[in-house]
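Chains as they are written, first to last, in the numbering used here: chain A, 1 to 159; chain B, 1001 to 1159; chain C, 2001 to 2159.
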Amino acid sequence: MTEKKKTTIVLFSGDYDKAMAAYIIANGAAAYDHEVTIFHTFWGLNALRKDEVVTVKKGFMEKMFGKMMPRGAENLGLSKMHFAGFGPKMIKGVMKKHNALPLYQLVEMAQEQEVKLVACTMTMDLLGLQKEELLDGIDYAGVAAYLADAEKGNVNLFI
Amino acid sequence: MTEKKKTTIVLFSGDYDKAMAAYIIANGAAAYDHEVTIFHTFWGLNALRKDEVVTVKKGFMEKMFGKMMPRGAENLGLSKMHFAGFGPKMIKGVMKKHNALPLYQLVEMAQEQEVKLVACTMTMDLLGLQKEELLDGIDYAGVAAYLADAEKGNVNLFI
Amino acid sequence: MTEKKKTTIVLFSGDYDKAMAAYIIANGAAAYDHEVTIFHTFWGLNALRKDEVVTVKKGFMEKMFGKMMPRGAENLGLSKMHFAGFGPKMIKGVMKKHNALPLYQLVEMAQEQEVKLVACTMTMDLLGLQKEELLDGIDYAGVAAYLADAEKGNVNLFI
């Protein structure tokens, strides 16, 4: 019996296009029967936020971060050519035209394919994000758990 | 007989400095006898655009992207310190002074060293880029082909 | 006797948050007994700059780069939500509150844990940075040395 191949992705970026790239690679790898982990840290956590407002108790700076950061996959900006929101609209326009899946559906597909979606607890703490604000069915861990996966990984990427 | 070491790079970024880093690592790895693949996706495709205008039929949004994105390696911007075009000029100035190769020559060298340059067909479609607009002698493939290379890779990077 | 696991990180970015992520992963890997190398290239070199002014002889453009680039770990900006310097202050505020180490202490910890900190000589030359301007006790090398480490690496990241 051969062991399964492993792919791990650190999703640090909160850009729509970079998150798309991460999820396309992750879904591809899962389809090719890899064990896949996406470790969401810093701004990458925003891809896991629920898009509704969740009322939780927070300190002042944590509230500020919460307000300033995008709420959920479809509200992320682009890494390039943002053009005050015009760029993301264009990308979503051409994606629709070419039947490409929007990010939130790529996230759903990843969950269906049992990609392990992990939220980095240290940066959740730092940015004041609480479990209630993030998608259901995800894991919570720190850098040690990431490294344990990555050191056995065939493909390890930082996005 | 030992198998060749393998290096794969996903070039997602369309920044001049990041593309330089990608091609310097790729050329270095090829010189050390690695099999090297650069998989160009999203803005990274712009490094493979011909610098002349190529007339192809496109829809409206595809035309817009085509006009807004830089045409070829030497027209990319910097990831930092762009300063309205002053940064790229400075970098190119010091590169010339220190006899460092400009990006388009790093791309040529990669082709001479048989680095496999791949354009991601899914994002070409999305951004409306057509084969006629890209350099000759490159490959076209999707995420499955990338993963097949990367899962055997010794060094896999996302840039 | 089993060989030590190896982690290599190319730190290309000069963003405070990305450098933090790099050093947190590096320190984590060192704690789990990996041999760890951080190869600082392009803007990533700024994380290794001393924070005082060091007088060295430079050409005009090298002087300009020297002045425009941040001097040392604590003067780097953020990759997102910079908000004219407000973002970095907020991040440092919440880091203090949550007892997270600031970057310069993560760098010190890495040195104590014998993480190999390497400055890329080619980009030092390009940006006009001289050894006197960088931290003591670091290594100097080029892409060949990086590749020699990376091709044996279990975890290789480009940040």
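Ideal placement from N, C-alpha and C gives every residue a C-beta, glycine not left out. All figures in this text were calculated on a predicted structure; none of them were measured in a lab.
{"Query": "Exposed unless 16 or more other CB atoms sit within 10 angstroms - verdict on Thr2055 of chain C", "Result": "exposed"}
{"Query": "7 Å Cβ cut-off: residues of chain E touching Ile2159 of chain C", "Result": "No chain E appears in this structure, whose protein chains are A, B and C."}
{"Query": "Thr2037 of chain C versus Leu2127 of chain C: straight-line alpha-carbon distance, rounded", "Result": "22 Å"}
{"Query": "Of the residues C:Tyr2023, C:Lys2018 and C:Glu2035, the one placed nearest Lys2004 of chain C, counting alpha carbons only", "Result": "C:Glu2035"}
{"Query": "The beta strand (DSSP E) enclosing Lys6 of chain A, as first and last residue numbers", "Result": "Lys6 to Leu11"}
{"Query": "Amino acids of chain C, ordered along the chain, whose beta-carbon sits closer than 8 Å to that of Gly1085 of chain B", "Result": "Those within 8 Å of Gly1085 of chain B in chain C number zero; the least Cβ separation is about 15 Å."}
{"Query": "Amino acids of chain C, ordered along the chain, whose beta-carbon sits closer than 9 Å to that of Ala144 of chain A", "Result": "Gly2028, Ala2031 and Tyr2032"}
{"Query": "Validate contact between the stretch 5 to 24 of chain A and the stretch 43 to 51 of chain A using beta carbons, cut 8 Å, 3 pairs", "Result": "yes"}
{"Query": "C-alpha gap between Gly2085 of chain C and Asp2015 of chain C, whole angstroms", "Result": "12 Å"}
{"Query": "The stretch 2137 to 2147 of chain C / the stretch 2113 to 2129 of chain C touching (three or more Cβ pairs under 8 Å)", "Result": "yes"}
{"Query": "Contacts of Glu151 of chain A in chain C (Cβ-Cβ under 7 Å)", "Result": "Lys2005, Asn2154 and Val2155"}
{"Query": "In DSSP terms, what Leu117 of chain A is bridged to", "Result": "A:Ile38"}
{"Query": "Beta-carbon spacing of Asn1101 of chain B, Met1090 of chain B below 9 Å", "Result": "In the sequence under discussion, the amino acid at residue 1101 of chain B is Leu, which differs from the Asn named in the question. Not in contact: Leu1101 of chain B and Met1090 of chain B (Cβ atoms no closer than 9 Å)."}
{"Query": "Tyr2016 of chain C, enclosing alpha helix (DSSP H) - first and last residue", "Result": "Tyr2016 to Ala2031"}
{"Query": "C-beta neighbour in chain A for Lys1147 of chain B, strict 9 Å", "Result": "The amino acid occupying residue 1147 of chain B in the given sequence is Leu; Lys does not appear at that position. Output row for Leu1147 of chain B: interface = yes."}
{"Query": "Neighbourhood of Arg1071 of chain B by C-beta distance below 6 Å, restricted to the same chain and skipping five residues each side", "Result": "Arg1049 and Asp1051"}
{"Query": "Local conformation of Val2094 of chain C per DSSP, three classes", "Result": "helix"}
{"Query": "Asp33 of chain A, buried or exposed, once every other Cβ within 10 Å from all chains shown has been counted against 16", "Result": "exposed"}
{"Query": "Val2107 of chain C classed as buried or exposed, judged by whether at least 16 other C-beta atoms fall within 10 angstroms", "Result": "buried"}
{"Query": "Beta-carbon proximity of Ala47 of chain A to Leu103 of chain A, cut-off 9 Å", "Result": "yes"}
{"Query": "Three-state secondary structure (DSSP) of Asn1156 of chain B", "Result": "strand"}
{"Query": "Rounded distance between the beta-carbons of Met2061 of chain C and Gly1093 of chain B, thought under 8 Å", "Result": "6 Å"}
{"Query": "Within chain A, partners of Met1068 of chain B - CB distance below 7 Å", "Result": "Met81"}
{"Query": "Where Ala141 of chain A falls: helix, strand or coil (DSSP)", "Result": "strand"}
{"Query": "Among B:Glu1074, B:Met1095, B:Tyr1146 and B:Gln1130, nearest to Lys1057 of chain B - alpha-carbon criterion", "Result": "B:Gln1130"}
{"Query": "Gly77 of chain A, DSSP secondary structure in three states", "Result": "strand"}
{"Query": "Partners in chain C for Met20 of chain A, counting only beta-carbon separations shorter than 7 Å", "Result": "Under the 7 Å cutoff, chain C gives no residues; its nearest Cβ is about 17 Å from Met20 of chain A."}
{"Query": "Partner residues on chain C for Met64 of chain A, Cβ-Cβ distance less than 9 Å", "Result": "Met2090"}
{"Query": "Separation of Phe158 of chain A from Asn75 of chain A, as counted between CA atoms", "Result": "22 Å"}
{"Query": "Reduced DSSP secondary structure (H/G/I, E/B, other) of Leu1045 of chain B", "Result": "helix"}
{"Query": "CB contact flag (Val1155 of chain B, Leu2147 of chain C, <9 Å)", "Result": "yes"}
{"Query": "Nearest-angstrom Cα separation, counted from Ala1026 of chain B out to Gly2066 of chain C", "Result": "28 Å"}
{"Query": "Segment limits, alpha helix (DSSP H) that includes Lys181 of chain A", "Result": "Nothing about residue 181 of chain A can be reported from this structure: the residues present for chain A run from 1 to 159 only."}
{"Query": "Between the CA atoms of Ala2022 of chain C and Glu2112 of chain C - distance to the nearest angstrom", "Result": "16 Å"}
{"Query": "Simplified DSSP state of Leu134 of chain A, which is helix, strand or coil", "Result": "strand"}
{"Query": "Amino acids of chain B, ordered along the chain, whose beta-carbon sits closer than 7 Å to that of Leu2126 of chain C", "Result": "Val1094, Met1095, His1098 and Ala1100"}
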